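Asker: Quick note: the sequence shown uses this note's numbering, first residue 1299, plus one each step. For each residue, glycine too, the CB sits at the ideal point set by N, CA and C. All values reported here derive from a predicted model rather than from experimental measurement.
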Amino acid sequence: CGSSGEDNHLFMNLESDYEKVTTDPVELEQTFVSILKRHGERVARLGIAEVEIRVLCCVAEGCPPISLRLVASNPTGYVLVMN
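Structure (structure tokens):
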């Protein structure tokens, strides 16, 4: 087994009540970063290289729902990279 074990990907598909609630993408990103900081050690210990979330939400009243994707990785172990 020549694998380093650091090539796992965690994907979360989150539900929102997009018909009633609007979502600020900046707040969503801040929440995602907060969750990653809280569970970062466990994510690293499990060898997860990337964490991705997808949320179907509305960013303004009256707008159709859109799919937001946030991908985070920590390739160096020191700096979290968000895309």
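Just checking my contact of C1355 with P1363 at CB under 8 Å: how many whole Å lie between their CB atoms?
Answerer: Between P1363 and C1355 the Cβ distance is about 6 Å, and since that is below 8 Å, they are a contact.
Asker: Using alpha carbons as the reference points, say which of K1335, R1367, G1338 lies closest to N1311.
Answerer: The candidate whose alpha carbon is nearest that of N1311 is R1367.
Asker: How long is the line joining the alpha carbons of T1374 and P1323, rounded to whole angstroms?
Answerer: Each residue's alpha carbon lies about 26 Å from the other.
Asker: What's the gap between the Cα of E1348 and the Cα of V1369?
Answerer: When rounded, the distance between both Cα atoms is 7 Å.
Asker: By the three-class DSSP mapping on this structure, what secondary structure does S1332 have?
Answerer: Three-state DSSP puts S1332 in a helix.
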